[in-house]
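Student:
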Amino acid sequence: MKKFGIIGPGAVGTSIAYALQTSNLDVTLFGRENDTIDFHEFNQTNVTTMKVHRLKSSSNKVDFLFISVKTTQLDAILPYINNVIHDDTVIILTQNGYGQIDKIQHPLTYQAVVYISGQKDNHTVTHFRDWTLKLPINEHTRLLQDATKNSMINVECIEDYDKQVWYKLIVNLGINTITAITQKPAVVLQSEGISELCYNLLAEGKMVALAEGIQFEDNLEESIMQIYKGYPDEMGTSMYYDTMNHRPLELEYIQGYIYQISKKHHLNTPLLDSTYTILNTY
Ligand code: NDP
1 MKKFGIIGPG
11 AVGTSIAYAL
21 QTSNLDVTLF
31 GRENDTIDFH
41 EFNQTNVTTM
51 KVHRLKSSSN
61 KVDFLFISVK
71 TTQLDAILPY
81 INNVIHDDTV
91 IILTQNGYGQ
101 IDKIQHPLTY
111 QAVVYISGQK
121 DNHTVTHFRD
131 WTLKLPINEH
141 TRLLQDATKN
151 SMINVECIED
161 YDKQVWYKLI
171 VNLGINTITA
181 ITQKPAVVLQ
191 SEGISELCYN
201 LLAEGKMVAL
211 AEGIQFEDNL
221 EESIMQIYKG
231 YPDEMGTSMY
241 YDTMNHRPLE
251 LEYIQGYIYQ
261 ISKKHHLNTP
271 LLDSTYTILN
281 TY
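For the sequence shown, the UniProt record's numbering gives the first residue as 1, with consecutive numbering after it.
1) Count Cβ pairs between the region 29-37 and the region 48-61 that sit closer than 8 Å; are there 3 or more?
2) Taking 7 Å as the line, does the beta carbon of residue 25 fall inside it for any heavy atom of ligand 1?
3) Consult DSSP for residue 233 and reduce its assignment to one of helix, strand or coil.
4) Can you check the region 26-91 for any alpha helix (DSSP H) of at least 4 residues that lies completely inside it and give the ranges in chain order?
5) Let's see if you can read the secondary structure: which residues bound the beta strand (DSSP E) around residue 140?
6) Below 7 Å, is the gap between the Cβ of residue 68 and the nearest heavy atom of ligand 1?
7) Is any heavy atom in ligand 1 found nearer than 7 Å to the beta carbon of residue 164?
8) Please report the distance separating the alpha-carbon of residue 41 from that of residue 268.
9) Do residue 209 and ligand 1 come close, with the Cβ less than 7 Å from some heavy atom?
10) Exposed or buried, residue 70, counting other C-beta atoms within 10 Å across all chains shown (16 or more means buried)?
11) Would you kindly work out how many angstroms separate the C-alpha atoms of residue 44 and residue 17, rounded to a whole number?
12) Is the closest heavy atom of ligand 2 to the C-beta of residue 81 under 7 Å?
13) Below 7 Å CB to CB, which residues in the same chain sit around residue 178 once its five sequence neighbours on both sides are set aside?
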């Protein structure tokens, strides 16, 4: 039986662990210390308590490893990944942003575009919606897809992976940037000036993607603004909450990644440049 491991008993990591465990798969959740974490579905009272194993002292080798710490926490776990993998382990990075995969010195490493929504508060994870991980299509990601096919996790191995990566980057660029900078949740979009800023940021993101050969539909900005309009007024983004709670921002691999690509192509992206510069001071 294949073994699964997850590093990072947070919103995404615990949700994945729960989904695999309920299908009777062999799952180990690795965290900072030996501990437990409670998991429940939004609006449901049923709580499942899951065991967390101290990564630093683990030696349980797994066949599939999900890395679900935040991008700002990746460096701290790098020295311990070898504790829990063997040569053929397939590693899946389940993080927002892009570019951080180069930090992992293991050939079979892939980054997922994550559509699993949840939140961790102290010792409890609440899962809100979605169970999808989008991955590039190859023999290793296919192995994962096959190994998880009877679970709630929906592994999609897709041909247009790069486009999906850029789509998520641009969606995050707009709403994360404006909610973090203004320190206000989604309601801030009702301000005309902010809504225009957000739209124009999306347009710059689209231009950067195009320079990388990723072509989106002409109405990309409108369609993403429409998605934002569906957000409840009080809904924040991860970058908004990180700003409000004075936690490190996942800036380097979201805005920072797009910024680096913009510079590489000598593009004129004044809003991206200035908002990224401001966020860097937080
Ligand atoms: P969380 O903060 O909920 O989870 C991160 C977990 O990693 C925490 O349990 C944290 O523990 C643990 N961790 C941190 N450092 C270490 C370490 N050194 N050793 C072991 N464990 C450690 O983050 P999310 O699950 O929300 O986010 C993970 C990634 O997924 C991010 O890149 C995020 O942008 C992305 N994402 C999140 C979504 C969501 O809805 N939450 C949706 C889509 C993508 P501790 O609490 O002790 O720090």
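Beta carbons: idealized from backbone N, C-alpha and C, even for Gly.
Tutor: The structure says:
1) Short answer: they touch.
2) The closest heavy atom of ligand 1 lies 7 Å or more from the beta carbon of residue 25.
3) In the structure shown, residue 233 sits in coil (DSSP, three-state: anything other than H, G, I, E or B).
4) As far as the region 26-91 is concerned, its whole alpha helix (DSSP H) runs of at least 4 residues are 74-77.
5) Per DSSP, residue 140 belongs to no beta strand (DSSP E); it is in the alpha helix (DSSP H), 139-147.
6) Here the distance from the Cβ of residue 68 to the nearest heavy atom of ligand 1 is below 7 Å.
7) Exclusion of residue 164 from the 7 Å shell around ligand 1 follows from its C-beta lying no nearer than that to any non-hydrogen atom of the ligand.
8) Taking the straight line joining both Cα atoms gives about 44 Å.
9) Checking the Cβ of residue 209 against ligand 1 gives no.
10) Answer is buried; the Cβ neighbour count reaches 16.
11) Those two C-alpha atoms are separated by around 18 Å.
12) Questions concerning ligand 2 fall outside what the structure shown contains, since the ligands it does hold are ligand 1.
13) Take residue 178, set aside five residues on each side of it, and the residues of its chain with a beta-carbon closer than 7 Å to its own are 188, 194, 197, 198, in chain order.
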